[in-house]
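Using numbering that gives the first Met the number 0, read the sequence shown as starting at 0 and increasing by one per residue.
Glycine included, each C-beta is placed from N, C-alpha and C at the ideal position.
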Amino acid sequence: MKKILLIVIDGLGDEPISQLKNQTPLEAAKTPNLDFLAKNGICGLVLPFQFPEKPASDISHLALFGYDPKKYYLGRGPYEATGIGLKLLKGDVALRVNFATVNENLKVIDRRAGRIEKTQNLIKTLSQIKINGIKFLIKKSYGHRAVLVLRGKNISWAVTDGDPQKVGERAKKIFPKNKAAKFTAKILNEFLEKAHQILKNHPFNKERERVGLFPANYLLFRGAGEIREIPKFNEKYGLRACCIAGGALYKGIGKILGMDLIKVKGTNGLPNTNLKGKIQAAKR
């Protein structure tokens with residue numbers, strides 16, 4: 000039986016920069032393997048679905064696998080949660096979280112708190128917060144990333160993001176997108192305030208400040224959503240698929256679509272990921 004190998008290099012496209020003589024990083028890079036594939040293969044552009052603007056990674060991957068995001072998109076939170084092994088229950092609301100650095104006016108200084116790695120102690124402290132009977136389950140992903148899951152009654156995924164996506168702008172308040180989400184927006188804002196007070200006074204962050212590092216004193220939320228059943232990849236195409244990835248988002252999408260997750264030691268979604276191990280696993 001023939002095998003199909005789909006290699007997705009997410010985010011490869013970029014902007015020209017002056018340091019590279021107004022070239023993009025890809026234009027400036029030496030790419031003998033990509034050149035070989037282009038010369039010996041077939042090149043083209045694929046637009047699986049019409050997008051109103053530049054799509055994010057989660058939407059893009061759904062589209063690449065032939066799933067219309069307008070119909071099957073769950074929100075970034077559920078994909079990331081599933082990717083780090085959290086089992087979401089019906090009615091849970093999951094959000095992607097960044098540990099970030101803000102000033103006294105909540106203006107974002109660094110969206111990733113200096114790409115902080117060690118956040119376990121902070122997460123342990125935040126996991127003790129409860130508001131109005133709602134449980135807040137927070138789990139580390141990798142680096143500055145984490146996932147927050149709300150579990151309880153009368154909660155909704157229909158809330159806005161708190162992440163302004165830009166340094167220098169104020170962290171956003173969470174707003175409901177409909178009446179049913181008013182309670183959820185309210186408790187998320189309360190959680191943010193409690194978390195901020197805990198984080199900015201945490202000994203771990205005080206020590207980071209003392210040695211000149213960015214403190215992880217705020218949480219930036221985005222991509223609220225809830226899990227639901229969507230057609231599995233093999234049901235849709237009659238093909239059995241596996242997923243080899245380092246990032247939680249991609250593993251989560253693969254798992255939700257019913258793909259087998261192949262674990263490769265040293266894959267982390269970062270520049271030092273184990274590419275050789277990924278290739279060897281794919282060949283098997």
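Where in the stretch 34 to 104 do unbroken runs of the beta strand (DSSP E), each at least 3 residues long, occur, reported from the N-terminal end onward?
-> 92 to 101
Rounded to the nearest angstrom, how far is the Cβ of residue 215 from that of residue 204, given a contact under 8 Å?
-> Indeed, because the Cβ distance is near 6 Å, the residues count as touching under 8 Å.
Keeping to the same chain, check which residues put their C-beta closer than 8 Å to that of residue 276; ignore five residues upstream and five downstream.
-> 263, 264, 265, 266
Based on the DSSP secondary-structure assignment, which residues constitute the bridge partners of residue 135?
-> 149
Enumerate in chain order the residues of its own chain whose CB-to-CB distance from residue 48 is below 7 Å, with the five nearest sequence positions on each side excluded.
-> 62, 67, 68
If you draw a straight line from the alpha carbon of residue 71 to that of residue 229, how long is it in whole angstroms?
-> Residue 71 and residue 229: Cα-Cα distance of roughly 7 Å.
Taking residue 133 and residue 151 to be in contact with their CB atoms under 8 Å, please state how far apart those CB atoms are, rounded to whole angstroms.
-> 4 Å
Can you check whether the CB of residue 237 is closer than 8 Å to the CB of residue 244?
-> No, they are not a contact pair.
Contact the stretch 90 to 105 vs the stretch 142 to 158: 3+ CB pairs below 8 Å = yes
Cβ-Cβ distance between residue 101 and residue 170 below 8 Å = yes
Residue 136 and residue 161 closer than 8 Å at C-beta = no
Reducing DSSP to helix, strand and coil, say where residue 247 ends up.
-> helix
Could you check what DSSP says for residue 122 in three-state terms: helix, strand or coil?
-> Three-state result, residue 122: helix.
Rank 271, 184, 140, 5 by C-alpha distance to the C-alpha of residue 64 and give the top, closest one.
-> 5
Can you name the residues that DSSP bridges to residue 130?
-> 133
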